[in-house]
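Engineer: Sequential numbering of the sequence shown, starting at 4, is according to our numbering.
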Amino acid sequence: MHILIYGADGATGARLVRMALDRGHSVRASVKVLPDDPLQADDLEWVTSDVLSRDGVRGDLDGIDAVLNAVGIDAGPGTVIDPPPLHTEGTRNILAEMRTAGCDRLVTISASFVETMSRGPIWFEAAARLGLSSIFDQMGEMEKILQATPWLRWTAVRPGWLLDEPATGEAQIFDDVIPEDLIRTRTGDLAAFMLDCAENDLHIRATPAIARPEPAEKSGPAAVLSEMLG
């Protein structure tokens, strides 16, 4: 397959690029600003895009079979109150270019907390509601945009709170929302599952959730709150 990966320089996106190449795909890796020392490989092409502009994604989809959207919003103090509309306007711009190019397969990152924030211990739920509700609200709007696009074969993967660690092969997949006792999803597991969905046409027009148990040092208050506070 010829795969376009948006957010290719992010935690999940960078893993997607390497995994897709390892699985024999051709990859067009999209970033807003080209890194100083980008990965070089056969079947890898770097492009710069601005998903917040219709012109900023023009031409990105030429020859592409599937889009993997790993664009994320930095959950820092400057963005949690009024996050940039990457998931809403960005999605609309990507879909418009997909329609023009005749590409109908999209796998994108959403969040299990779009369904409910009643997950994990009470301290985690309180922190998520306080610091991340605006971002989750935007992801919910993104899912409504996907649902209202009849020609699109989309999958909105709903991880828990992301943990930037390699894939384990042990992640569990659930319908729509992770169980109440889980809060974390490894970026490696998320990337592997997104590629599985694209390769095998899994979970078309659906919102599968993904997570796995993590030890206390990775899922306890100290670890999670330190990440939330940046």
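Built from N, CA and C at the ideal position, the CB exists for glycine as well.
These numbers come from a predicted model, not from an experiment.
For the candidate residues Arg108, Ala104, Leu135 and Met142, whose alpha-carbon lies nearest to that of Thr91?
Structural biologist: For the purposes of this step, residue 91 is taken as the residue at position 88 of the sequence shown. That would be Met142, whose Cα lies nearest to the Cα of Thr91.
Engineer: Between the alpha carbons of Ala170 and Leu47, how many angstroms are there, rounded?
Structural biologist: Within the sequence shown, residue 170 is the residue found at index 167, counting from 1. Within the sequence shown, residue 47 is the residue found at index 44, counting from 1. Cα-Cα distance, rounded: 22 Å.
Engineer: How would you write the range of the beta strand (DSSP E) that Glu92 sits in, first residue to last?
Structural biologist: On the sequence shown, position 89 is the one that residue 92 refers to. It is not in any beta strand (DSSP E) - Glu92 instead sits in the alpha helix (DSSP H) that spans Glu92 to Ala104.
Engineer: In whole angstroms, what is the alpha-carbon distance linking Ala32 and Arg61?
Structural biologist: Position 29 of the sequence shown, counted from the start, is the residue given in the question as residue 32. Position 58 of the sequence shown, counted from the start, is the residue given in the question as residue 61. So the two alpha carbons sit approximately 15 Å from each other.
Engineer: Name the residue from Gly105, Ile138 and Glu118 whose alpha carbon lies nearest to the alpha carbon of Trp154.
Structural biologist: In the sequence shown, the residue the question calls residue 154 occupies position 151. Of Gly105, Ile138 and Glu118, the residue nearest in Cα terms is Gly105.
Engineer: Any heavy atom of the ligand ADP closer than 7 Å to the CB of Ile67?
Structural biologist: Absent from the structure shown: the ligand ADP. Ligands present: none.
Engineer: Would Asn72 and Tyr9 be called neighbours here (beta carbons separated by less than 8 Å)?
Structural biologist: Taking the sequence shown and counting its residues from 1, one reaches residue 72 at position 69. Taking the sequence shown and counting its residues from 1, one reaches residue 9 at position 6. A contact, by the Cβ cut-off of 8 Å.
Engineer: For a test of the three-state rule: what should DSSP assign to Gln175, helix, strand or coil?
Structural biologist: The sequence position of residue 175 within the sequence shown is 172, counting from 1. If DSSP states are grouped into helix, strand and coil, Gln175 belongs with the strands.
Engineer: Using the DSSP secondary-structure output, state which residues sit across from Trp164 in a beta bridge.
Structural biologist: Within the sequence shown, numbered from 1, the residue matching residue 164 stands at position 161. Arg187, per the DSSP bridge assignment.
Engineer: Does Leu135 pass the burial test, meaning 16 or more other C-beta atoms within 10 Å, or should it be called exposed?
Structural biologist: For the purposes of this step, residue 135 is taken as residue 132 along the sequence shown, with counting starting at 1. Counting Cβ neighbours within 10 Å, Leu135 comes out buried, since at least 16 surround it.
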